[in-house]
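Heads up, the thing below is written out as structure tokens.
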Amino acid sequence: MRIALLPGDGIGPEVVAEARRVLEALGLPLSFEEALVGGAAYKATGHPLPPATLAVARASDALLFGAVGDPDCDALDRHLRPEQAILGLRRELGLFANLRPARLYPELADASALRPEIATRIDMVIVRELTGDVYFGEKGIRTTPSGLRQGYDVMAYDEGEVRRIAKVGFETARARSRRLCSVDKANVLETSQLWRDVMIEEAAHYPDVELSHMYVDNAAMQLVRNPGQFDVIVTGNLFGDILSDQASMCAGSIGMLPSASLDAAGKGLYEPIHGSAPDIAGKGKANPLATILSAAMMLRYSLGQPEAADRVEAAVAQALAGGARSPDLGGARSTREMGDAVLAVLQAAIV
Ligand code: NAD
Numbered sequence: 000m001r002i003a004l005l006p007g008d009g010i011g012p013e014v015v016a017e018a019r020r021v022l023e024a025l026g027l028p029l030s031f032e033e034a035l036v037g038g039a040a041y042k043a044t045g046h047p048l049p050p051a052t053l054a055v056a057r058a059s060d061a062l063l064f065g066a067v068g069d070p071d072c073d074a075l076d077r078h079l080r081p082e083q084a085i086l087g088l089r090r091e092l093g094l095f096a097n098l099r100p101a102r103l104y105p106e107l108a109d110a111s112a113l114r115p116e117i118a119t120r121i122d123m124v125i126v127r128e129l130t131g132d133v134y135f136g137e138k139g140i141r142t143t144p145s146g147l148r149q150g151y152d153v154m155a156y157d158e159g160e161v162r163r164i165a166k167v168g169f170e171t172a173r174a175r176s177r178r179l180c181s182v183d184k185a186n187v188l189e190t191s192q193l194w195r196d197v198m199i200e201e202a203a204h205y206p207d208v209e210l211s212h213m214y215v216d217n218a219a220m221q222l223v224r225n226p227g228q229f230d231v232i233v234t235g236n237l238f239g240d241i242l243s244d245q246a247s248m249c250a251g252s253i254g255m256l257p258s259a260s261l262d263a264a265g266k267g268l269y270e271p272i273h274g275s276a277p278d279i280a281g282k283g284k285a286n287p288l289a290t291i292l293s294a295a296m297m298l299r300y301s302l303g304q305p306e307a308a309d310r311v312e313a314a315v316a317q318a319l320a321g322g323a324r325s326p327d328l329g330g331a332r333s334t335r336e337m338g339d340a341v342l343a344v345l346q347a348a349i350v
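Under numbering that gives the first Met the number 0, the first residue of the sequence shown carries the number 0, and numbering increases by one thereafter.
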């Protein structure tokens, strides 16, 4: 199984190195190829996503990505900025489904923005459509007949786009507790009405999954009021962008949260949700657990190794239960020591 490692900028290389050590400890036939991406790639080649990196990405079974973003590159033309690399990879690899688990480890209940008794019930996955919606529709700034500047962005989904993300939502729900909540704004938006109609049509293929619907404004409220009611949420690009960030902060530190972006065949790019954190880069202060948990998702969703994924996730939980805390979690362990704590559990074979 070929894994492309794209460490990127800032803390990216530090956290990816720890995830690699964990993957190597599993005793699986994994091979790794590393490639430059983001600001590091721009500085070496003049482009944040050079052809050589794209070739490595295409030839792999899955990609483990660190983060991109470099203050030195902030003045570059938009198409050369490090962050464009991630958009380019999504586009070139057809990564249309974003999966973001939000789970609060009981030991970290204090890190949530919510009261501990509410926060500890959070264990959900948000499935967000990634390549359509208002971000990709016709857009511009025009002048109205009365001479006012007017900005516009067209929201549109065709039924094929909705159907393929619906399938990811139903399959994800099937692998968990068989409950899927589709979030839309069908009381106001035609795009959402079509979304809802197609979700209901697709539900006929998944009689074992219970489908419910919720308006996005209510979903935002329920995520804070009673997040324990959700298991799998499926939603469009705009609503998913906002709700997944909201759910993340309910679930604790940014250094703990993994994500996956998948194509139609299950190949995926796996990355922590955080950025390159230039403020702590090179200081050994970054929490590598989000990247280690991203590697676990990779084992589960792209490499067909659910047991290895369970072992890694259990090792992270045990390391936390044993007191491993990086500075973002209120402790003093370095990036390397956090990796060591997970490896120690794995190597003791007690998970
Ligand atoms: P950020 O996520 O990099 O950092 C926000 C805050 O969280 C910082 O204080 C940082 O120190 C802390 N933090 C982040 N990850 C951490 C970790 N693993 N352990 C401990 N603390 C952690 O967001 P930002 O500061 O807004 O952005 C910095 C750069 O990252 C920008 O160039 C931005 O464009 C880029 N960015 C990239 C991605 C990506 O690669 N997918 C995502 C978000 C931001």
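Glycine included, C-beta positions come from ideal geometry on N, C-alpha and C. Please read all numbers here as calculations on a predicted model, not as lab measurements.
The beta strand (DSSP E) enclosing residue i, as first and last residue numbers
i: L261; result: 257-261
i: P271; result: 267-271
i: D122; result: 122-128
Which residues DSSP lists as bridging residue i, in chain order
i: G180; result: Here residue 180 is Cys; the residue named in the question, Gly, does not match the sequence. Partner(s): S211, I232.
i: E200; result: DSSP output for E200 lists no bridge partner at all.
i: F64; result: L5
i: D152; result: K138
As assigned by DSSP and simplified to three states, the class of residue i
i: F135; result: coil
i: A51; result: helix
i: P105; result: helix
i: F31; result: strand
i: G254; result: helix
i: P100; result: strand
i: M248; result: helix
i: D76; result: coil
i: G93; result: coil
i: A112; result: coil
i: N186; result: coil
i: I241; result: helix
i: S191; result: helix
i: Y300; result: helix
i: L147; result: coil
i: S293; result: helix
i: R224; result: helix
i: Y205; result: coil
Beta-carbon contacts of residue i that lie in its chain and below 7 Å, excluding the five residues immediately before and after
i: V350; result: At V350 the pLDDT is 46, less than 50, meaning the model places this residue with poor confidence; the figure from the coordinates comes in the next sentence. The residues are R310, A313, A314, Q317, V344.
i: P81; result: D8, G37, G38, Y41, P47, V67, G68, D69, C72
i: T130; result: R89, F95
Exposure of residue i, with buried meaning 16 or more beta-carbon neighbours within 10 Å
i: M340; result: Per the sequence shown, the amino acid found at residue 340 is Ala instead of Met. By the 10 Å Cβ count, A340 comes out buried.
i: M297; result: buried
i: E306; result: exposed
i: G65; result: buried
i: R224; result: exposed
i: D207; result: exposed
i: Y300; result: buried
i: H273; result: buried
i: S247; result: buried
i: A347; result: exposed
i: G79; result: Inspection of the sequence shows that residue 79 is occupied by Leu rather than by Gly. The residue in question, L79, is exposed, as its Cβ has fewer than 16 Cβ neighbours within 10 Å.
i: D327; result: buried
i: P105; result: exposed
Contact set for residue i: own chain, Cβ-Cβ below 6 Å, skip 5 residues either direction
i: V167; result: A96, V126
i: E32; result: A3, V55
i: P49; result: A40
i: G235; result: E128, D132
i: A319; result: Checking the sequence, you will find Leu at residue 319 rather than Ala. So the qualifying residues of the chain are Y104, E106.
Range of the contiguous alpha helix (DSSP H) that encloses residue i
i: F169; result: 158-173
i: K284; result: Taken as a continuous stretch (DSSP letters only), K284 belongs to no alpha helix (DSSP H), as it is neither H nor E.
i: V14; result: 11-23
i: M351; result: Nothing can be reported for residue 351, as the shown portion of the chain is limited to 0 through 350.
i: L319; result: 305-320
i: A331; result: That residue, A331, is in no alpha helix (DSSP H); it is neither H nor E in DSSP.
Cβ neighbours of residue i in the same chain (closer than 8 Å, five flanking residues each side left out)
i: Y136; result: First, the amino acid is wrong: residue 136 is Gly here, not Tyr. Contacts found: D152, V153, M154, A155.
Check: residue i C-beta below 7 Å from any heavy atom of the ligand NAP
i: H273; result: Absence of the ligand NAP from the depicted structure is noted, with the ligand NAD being the only ligands included.
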